[in-house]
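Scroll down for the structure; my scribbles are underneath it.
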Amino acid sequence: MRIAKSVLIQPGGNAAYAIPAVALSLFCFAYSIKFGQVAILLYYALWLPLVAVDYKKVLGSHGRYLWIYAFAALAFLSVFWSAVPSISLRASIQYLTQVICALIAVRVLDVRTLTVGMIAGVGIVLVYSLLFGYYEYDPLDGTFSFVGAFASKNQLGFYASLGLIVSFAAVFIFGERRLWMAASGVVGLLSAYCLIACQSATSVLTTAVVIALMMGLRVVIALAPDHRKLLVIGGGVAVVILAVAGVYLGAVDAVLGIFGKDSTLTGRTYLWQQGIEAAKQNPVLGIGYQAYWVQGFSEPERLWEEFFIGSRSGFHFHNTYIETAVELGLTGVIVLAVMLLRILWGHLRRVIEDFRNDESYLLFSIAILLTIRSFVEIDILTPYNVGTFLFYFAAGKLAIARRQPALSSWQRQTSPEPVTQ
Numbered sequence: 001m002r003i004a005k006s007v008l009i010q011p012g013g014n015a016a017y018a019i020p021a022v023a024l025s026l027f028c029f030a031y032s033i034k035f036g037q038v039a040i041l042l043y044y045a046l047w048l049p050l051v052a053v054d055y056k057k058v059l060g061s062h063g064r065y066l067w068i069y070a071f072a073a074l075a076f077l078s079v080f081w082s083a084v085p086s087i088s089l090r091a092s093i094q095y096l097t098q099v100i101c102a103l104i105a106v107r108v109l110d111v112r113t114l115t116v117g118m119i120a121g122v123g124i125v126l127v128y129s130l131l132f133g134y135y136e137y138d139p140l141d142g143t144f145s146f147v148g149a150f151a152s153k154n155q156l157g158f159y160a161s162l163g164l165i166v167s168f169a170a171v172f173i174f175g176e177r178r179l180w181m182a183a184s185g186v187v188g189l190l191s192a193y194c195l196i197a198c199q200s201a202t203s204v205l206t207t208a209v210v211i212a213l214m215m216g217l218r219v220v221i222a223l224a225p226d227h228r229k230l231l232v233i234g235g236g237v238a239v240v241i242l243a244v245a246g247v248y249l250g251a252v253d254a255v256l257g258i259f260g261k262d263s264t265l266t267g268r269t270y271l272w273q274q275g276i277e278a279a280k281q282n283p284v285l286g287i288g289y290q291a292y293w294v295q296g297f298s299e300p301e302r303l304w305e306e307f308f309i310g311s312r313s314g315f316h317f318h319n320t321y322i323e324t325a326v327e328l329g330l331t332g333v334i335v336l337a338v339m340l341l342r343i344l345w346g347h348l349r350r351v352i353e354d355f356r357n358d359e360s361y362l363l364f365s366i367a368i369l370l371t372i373r374s375f376v377e378i379d380i381l382t383p384y385n386v387g388t389f390l391f392y393f394a395a396g397k398l399a400i401a402r403r404q405p406a407l408s409s410w411q412r413q414t415s416p417e418p419v420t421q
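Here the working numbering is used: position 344 in the sequence shown is 344, and no number is missing along the way.
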């Protein structure tokens, strides 16, 4: 029995394979620490074998992806100056293969399939956490929080945030009805419950901002492309003014107070200060990719003790740019920041200029989520992480020339008729 290639690798025509692949990938990302090599090998098995189906179509022309590989390449090169070369080598290879798998997904997934696959995946992840999760005491703020089956409430909050975002997108961007509309409602409710239960201020605030942004973009795309620029510029200026005013008028402290936090963000400002001091030791190229948080090194051991990290692992500076500066220096910070800005600007430009671009509508919203969280988390710096996968997926879609996507066999919406003059 022969299986048509389109069933596996044709965007829009491979839903039967692609939706479970995305869902299982999210489960592997969420619990790779718990299930170890089994989860990681399953993730590779979902994407890498597709190269054998049609390597030209699946890999495409990688010349256009060179800028996407820049950060992963720098991480790999850091082996030559790393304080712990063996750790940097292993971690950078893992990160590079994560990038490759994400770019394979770019070639075989359309964004609608990604969305419903994420709905299924987030649903499975959250149900597993509700069944096997637990509450954890935080000695820094003296509270108990639901962390699910994760090691951190912030990771549970991240998946809950993604669940709400893709549920919104499925119904209001892609117009899903019946099965996937019902699934979106269920996953949305599960996500909202987990978001409240985990008490992660970061996740609640970022989710609120991104959902508000997505609602605002619906107003923007209802206008003609020429009018969108003025509205986006005006809205951007208003947001900046309100943000600055909020900082000076104490709105930030008031919002944090609702979640029982103070202006130090439960010790994060101290942690950032320690990270900046560590980055000054090797300001240009850093200490090496993932070569700082190593058992036996005096500074990490001190910070683990101060923050009650008994496992002496799985900790970071809670800031993407500080973590990058420590590991890969200012060079790494610049490379990563340029990539992030290019993704943001590229997808925003498509949203503004194209008559309708649902792909960039969603991916720009996800990029905004990752950008906001980058100041308090490191979602895009580690392998086998849903943030890293989505970061490179958004970059990969941007590298593909704009074209009208083909209607998938399971797409229920019909495209509008072309306007004739």
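Glycine included, every Cβ here is placed at the ideal spot set by N, Cα and C.
Under the assumption that residue i contacts residue j (Cβ atoms under 8 Å), give the Cβ distance between them as a whole number of angstroms.
i: MET339; j: ALA70; result: 7 Å
i: GLY157; j: SER88; result: Between SER88 and GLY157 the Cβ distance is about 29 Å, and since that is not below 8 Å, they are no contact.
i: LEU26; j: MET118; result: 6 Å
i: TYR65; j: GLY396; result: 7 Å
i: TYR392; j: ILE68; result: 6 Å
i: GLY275; j: ILE322; result: 4 Å
i: LEU126; j: LEU190; result: 5 Å
According to the neighbour-count rule (16 or more other Cβ atoms, all chains shown, within 10 Å of its Cβ), is residue i buried or exposed?
i: TYR134; result: exposed
i: TYR55; result: exposed
i: ARG373; result: buried
i: ILE3; result: exposed
i: ASP226; result: exposed
i: ALA208; result: exposed
i: SER92; result: buried
i: ARG412; result: A caution first: ARG412 carries a pLDDT of 42, below 50, which makes its placement in the model unreliable, though a value can still be read off. Counting Cβ neighbours within 10 Å, ARG412 comes out exposed, since fewer than 16 surround it.
i: SER161; result: buried
i: ILE378; result: buried
i: LEU179; result: exposed
i: THR269; result: exposed
i: GLY310; result: exposed
i: VAL204; result: buried
i: VAL99; result: buried
i: LEU303; result: buried
i: VAL284; result: exposed
i: ILE241; result: exposed
i: LEU230; result: exposed
i: VAL335; result: buried
i: VAL58; result: buried
Can you tell me which of the options puts its alpha carbon nearest to the alpha carbon of residue i?
i: ILE233; options: ILE334, ALA278, GLY296, TRP345; result: TRP345
i: TRP272; options: THR324, SER298, LEU230; result: THR324
i: THR382; options: PRO20, LEU398, ALA367, PHE315; result: PHE315
i: LEU223; options: ALA21, TYR31, TYR392, PHE355; result: PHE355
i: THR97; options: ILE400, ALA399, ASN154, PHE389; result: PHE389
i: SER78; options: VAL386, LEU59, ASN282, ILE400; result: ASN282
i: ALA149; options: PHE132, LEU164, ASP138; result: PHE132
i: MET74; options: TYR289, ILE343, ASN385, LEU362; result: Note that residue 74 is Leu in the sequence shown, not Met. Checked all of TYR289, ILE343, ASN385, LEU362; the closest Cα to LEU74 is TYR289.
i: VAL122; options: LEU362, VAL166, SER61, LYS153; result: VAL166
i: SER129; options: ILE100, PHE172, LEU195; result: LEU195
i: GLY332; options: GLY235, GLY286, ALA291, ILE104; result: GLY286
i: ILE380; options: GLU327, THR320, GLU353; result: THR320
i: GLY216; options: ALA105, ALA15, GLY236; result: GLY236
i: ALA399; options: PRO49, VAL106, GLN37; result: VAL106
i: ALA120; options: ALA16, VAL335, GLY275; result: ALA16
i: SER61; options: ALA30, TRP81, ILE104, TYR95; result: ILE104
i: LEU50; options: LYS5, SER32, GLY36, VAL125; result: LYS5
i: ALA422; options: VAL240, GLY329, PHE297; result: No answer is possible for residue 422: it lies beyond the span of the chain, which begins at 1 and ends at 421.
i: ASP358; options: ARG218, LEU336, LEU41, ALA245; result: ARG218
i: ILE124; options: LEU231, SER298, TYR31, THR371; result: TYR31
Apart from the five residues just before and just after residue i, which ones in its own chain have a Cβ nearer than 6 Å to its Cβ?
i: GLU176; result: ALA170
i: GLU360; result: At residue 360 the sequence reads Ser, which differs from the Glu that was named. Excluding positions up to five away in sequence, the list reads HIS347, ARG350, VAL351.
i: ALA197; result: PHE146
i: PRO85; result: VAL79
i: VAL38; result: none
i: VAL376; result: THR202, HIS318
i: ARG228; result: VAL220, ILE352
i: GLN404; result: Reliability of the predicted coordinates at GLN404 is poor, the pLDDT of 48 falling under 50, and the value obtained from them is presented with this limitation in mind. Excluding residues within five positions, none has a Cβ falling inside 6 Å.
i: CYS28; result: ALA39, LEU42, TYR43
Under 7 Å Cβ to Cβ from residue i, same chain only, skipping five residues before and after it: list those, please.
i: LEU46; result: ALA21, LEU24, SER25
i: ALA406; result: At ALA406 the pLDDT is 40, less than 50, meaning the model places this residue with poor confidence; the figure from the coordinates comes in the next sentence. Closer than 7 Å at Cβ, skipping near neighbours: GLY12.
i: VAL210; result: ILE165, SER365, ILE368, LEU369
i: LEU362; result: VAL111, THR115, ALA169, ILE173
i: ALA18; result: VAL108, LEU109, THR113, GLY117
i: ASN154; result: SER200, THR202, SER203, GLU377
i: ALA151; result: ILE33, GLY314
i: TRP81; result: LEU285, GLY288
i: ALA192; result: LEU164
Leaving out the 5 sequence neighbours to the left and right, which residues in its chain are closer than 8 Å to residue i when beta-carbon positions are compared?
i: GLN295; result: GLU301, ARG312, SER313
i: TRP293; result: PRO300, SER313, PHE315, HIS316
i: PRO139; result: PHE308
i: VAL7; result: GLY13, ASN14, ALA16, TYR17
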